[in-house]
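Colleague: Residue numbers (my numbering): 2 to 202.
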């Protein structure tokens, strides 16, 4: 099946939040990745000053799948009402929305996660949950699925979420193929994040 994945970039995004799921989708036939920026085509620097070229929002399929990464850049953006309004409009148009790490804080700030289950990076959990008290935050989850919204916990969890997404949308064979191509040991339990503090004590 053909599927367009629109991966949002912003200054100080977390590289693995982007390129972990990117690799999953890259290894799935019929899936196309697009890196884009809400502020138009530009070169965006992720954490570690990694420069990445991104297209503008007019060059993506607005009805495709939206992926929102985390990273240090989510802190200032969570208070930027103009930017959040634009993100909310885009997320409302998307067929499904996926977040990695603190990307769920940005989606929560738009109000689209109100009344829904979500998770985020355990190390940033207190900050993320302070962004919105209208979300049912699940600290122990590796990833969550609630309607058209999927959220994952810290950094590498985005890979597990992306593999689960491919399994649901394309089939288990496609997810297994991507896992093998990546030489990755997959966590299949969405309810258990081994890095959650409540699971390590």
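Heads up, the beta-carbon is just placed ideally off N, CA and C, and yes, glycines get one too.
1. Return the bridge partner residues of residue 226 from the DSSP annotation.
2. Helix, strand or coil for residue 119? Go by DSSP, reduced to three states.
3. On the premise that residue 26 lies in contact with residue 58, defined as a C-beta separation below 8 Å, what is that separation, rounded to the nearest angstrom?
4. Rounded to whole angstroms, what is the Cα-Cα separation between residue 127 and residue 188?
5. When you compare only the Cα positions, how much space is there between residue 60 and residue 39?
6. In the DSSP assignment, what residue or residues form a beta bridge with residue 145?
7. So who's on the other strand from residue 55, going by DSSP bridges?
8. Beta-carbon within less than 6 Å of residue 153's beta-carbon, same chain only, minus the 5 sequence neighbours each way: which residues are those?
9. Note down, in chain order, each residue of its chain lying with its Cβ closer than 7 Å to the Cβ of residue 75, except the 5 sequence neighbours on either side.
10. Report yes or no: do three or more beta-carbon pairs, one from the region 6-13 and one from the region 61-81, lie closer than 8 Å?
11. DSSP beta-bridge partners for residue 100?
12. Any contact of the region 133-144 with the region 80-88, i.e. 3+ C-beta pairs under 8 Å?
13. Starting from residue 14, trace the alpha helix (DSSP H) both ways and give me its first and last residue.
14. Express the C-alpha separation of residue 182 and residue 175 in angstroms, rounding to a whole number.
Modeller: To lay it out plainly:
1. The structure shown does not extend to residue 226, since the chain spans only 2 to 202, so no value can be given for it.
2. In the structure shown, residue 119 sits in a strand (DSSP, three-state: E or B).
3. Residue 58 to residue 26, Cβ: 19 Å. No contact.
4. Approximately 24 Å between the Cα atoms of the pair.
5. Straight-line Cα distance between these residues: approximately 11 Å.
6. Looking at the DSSP assignment, residue 145 forms a beta bridge with 152.
7. 43.
8. Hits under 6 Å: 101, 144, 159 and 162.
9. Counting only Cβ-Cβ distances below 7 Å, and skipping sequence neighbours, we find 103, 104, 106 and 107.
10. Contact between the region 6-13 and the region 61-81 is present, because at least three Cβ pairs lie under 8 Å.
11. Note: residue 100 sits in a beta bridge opposite 69 and 152.
12. Because the criterion of three Cβ pairs below 8 Å is not met, the region 133-144 and the region 80-88 do not touch.
13. Where residue 14 is concerned, there is no enclosing alpha helix (DSSP H), given that its DSSP letter is neither H nor E.
14. Our two residues, residue 175 and residue 182, have alpha carbons roughly 11 Å apart in a direct line.
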